[in-house]
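Engineer: Quick note, the working numbering runs 3 ahead of the 1-based positions in the sequence shown. My structure is below; once you've seen it, I'll send some questions.
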Amino acid sequence: MLPSSPRFALRHSTLSLLIAVYVGGLLNAYSLWLNNGVENILVALLSAVAMMAIVMSLLCVLSWLGRKLYKAFAAFIVIASATASYYMIVFHTIIGYGIIAAVFNTHEAELSAESIGVKMLMWVTVVGILPAILIALAPITTSRRRFAWLRHGAMQAVFLICAVLIAALSLNGIEQITKRQARENNAYTASISGIVAHAYLPTNWITASVVYAFEQFTPENLDLVNPAEAFRYDPIVPMNDVLMVFVIGETTRSDHMSILGYNRDTTPRLAQEPNLVALRGVSCDTTTSLALKCMFVRPEGVQDNERRSLSERNLFYVLGELGFASELFAM
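Structure, rendered in structure tokens:
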């Protein structure tokens with residue numbers, strides 16, 4: 004006689020629904036309220052439904068990989084989303100390409116206690132790791148009947164189709180409401196697909212990660228010139244005595260700094276620094292992430308296209324190759 008499943012075992016669809024409500028609904032609650040407020044409660048509800056349906060769709064696809072891989076990917080989605088939610092709530096950060104690139108680019112900086120601290124670790128433990136452990140330990144019903152795998156696949160396909168339809172209808176409803184509000188207020192409305200891709204979990208970090216991974220394996224990124232190898236750097240002082248501090252201010256313009264010729268004394272303390280080298284820089288783009296992308300390479304190291312593609316490694320990579328350690332003190 005075949006052993007029966009535990010009486011409290013869950014079906015794949017039930018576990019997927021619980022995860023979808025948790026990630027797509029609960030972890031997005033603050034962002035939904037922040038982006039829509041009370042006046043747009045219907046849009047917030049439709050956005051929550053759309054995100055839960057999207058998570059459900061993803062989990063239905065993952066369930067075809069088998070129980071172990073399904074649980075592994077589901078647990079990872081929960082932990083990653085919990086981590087992203089901390090920065091979205093505490094720092095009001097939009098999890099986009101720039102954030103993901105900063106996380107993976109270990110040559111640029113090591114995050115300090117301001118970014119990874121006790122509060123963040125406690126949040127991830129309670130909101131991410133503990134639910135992930137519950138997912139790993141949750142028993143899932145199994146059937147030993149003939150062609151059980153085929154029936155399971157068919158059921159997941161039905162749930163997938165239903166989830167996709169619900170997501171599409173919800174997004175269409177959001178689009179109709181926002182367009183009507185834009186006409187009434189004579190205002191501009193952002194792309195609904197853009198909002199879904201960048202404003203809410205887990206599509207924000209998944210989309211940004213996919214774009215980042217894709218860019219890393221494009222021929223132009225695989226063939227980046229390494230200035231540390233292409234050029235020779237002869238130190239003029241002992242390297243152990245060199246300390247460089249970069250202060251990057253997004254709203255500071257060079258033509259409004261007295262150390263660069265402005266007639267008002269706007270930088271009195273910098274002017275008193277005896278070892279200061281003031282360089283006048285010109286941004287290659289008005290978008291912060293693209294401007295930062297090309298700010299730390301030579302002028303010939305960036306291409307004049309919409310993505311500001313680089314042809315060489317940046318300054319922080321070169322510093323790392325030369326033995327410098329980098330640390331990020333504040334964001």
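Built from N, CA and C at the ideal position, the CB exists for glycine as well.
In whole angstroms, what separates the C-alpha of Leu172 from that of Glu218?
Structural biologist: 32 Å
Engineer: Just to confirm, is the Cβ distance from Leu174 to Ala53 under 8 Å?
Structural biologist: yes
Engineer: For Glu330, does the three-state DSSP call read helix, strand or coil?
Structural biologist: coil
Engineer: Which residues does DSSP pair with Leu318 in a beta bridge?
Structural biologist: Paired residue(s): none; Leu318 is not in a bridge.
Engineer: Please name the residue or residues paired with Val305 in a DSSP beta bridge.
Structural biologist: Leu313
Engineer: Nearest CA to the CA of Gly156: which residue from Glu187, Glu276, His15?
Structural biologist: His15
Engineer: Going by the CB atoms, is the gap between Ala78 and Ala135 shorter than 8 Å?
Structural biologist: yes
Engineer: Could you compute how far the alpha carbon of Asn39 sits from the alpha carbon of Tyr25?
Structural biologist: 20 Å
Engineer: Quick check: what's the CA-CA separation for Ser194 versus Arg311?
Structural biologist: 23 Å
Engineer: In three-state terms, what does DSSP make of Glu324?
Structural biologist: helix
Engineer: Would you say Asn188 and Arg316 are within 8 Å of each other, going by their C-beta atoms?
Structural biologist: no
Engineer: Is it true that the CB of Tyr100 sits closer than 8 Å to the CB of Tyr215?
Structural biologist: yes
Engineer: Look at the alpha carbon of Ile57 and the alpha carbon of Ile198, and state the distance between them as a whole number of angstroms.
Structural biologist: A direct Cα-to-Cα measurement between Ile57 and Ile198 gives close to 14 Å.
Engineer: Which residues in the same chain have their Cβ closer than 6 Å to the Cβ of Ala274, if we skip the five residues on either side of it in sequence?
Structural biologist: If we look at Ala274 and ignore the five residues flanking it on each side, its Cβ neighbours are Ile262.
Engineer: Following the continuous alpha helix (DSSP H) through Cys63, name the residue where it begins and the one where it ends.
Structural biologist: Unbroken alpha helix (DSSP H) run through Cys63: 44–65.
Engineer: Using CA coordinates, which residue listed in Ala141, Ile177, Val46 is at the minimum distance from Ala75?
Structural biologist: Ala141
Engineer: Are Ala170 and Ser60 close, meaning C-beta to C-beta below 8 Å?
Structural biologist: yes
Engineer: Which word fits Met1, buried or exposed, when buried means at least 16 other C-beta atoms lie within 10 angstroms of its C-beta?
Structural biologist: The structure shown does not extend to residue 1, since the chain is modelled only from 4 to 334, so the question has no answer here.
Engineer: With distances taken from CA atoms, which of Glu276, Thr221, Asp244 is nearest Leu313?
Structural biologist: Ranking the options by Cα distance to Leu313, first place goes to Thr221.
Engineer: Contact defined as beta carbons within less than 8 Å: I believe Trp208 pairs with Ile103. What is the distance between those atoms, to the nearest angstrom?
Structural biologist: 7 Å
Engineer: Am I right that Leu325 and Tyr236 are in contact with their C-beta atoms under 8 Å? What's the rounded C-beta distance?
Structural biologist: 6 Å
Engineer: From Ala200, Leu72, Thr144, Leu322, pick the residue whose C-alpha is nearest to that of Thr17; which is it?
Structural biologist: Thr144
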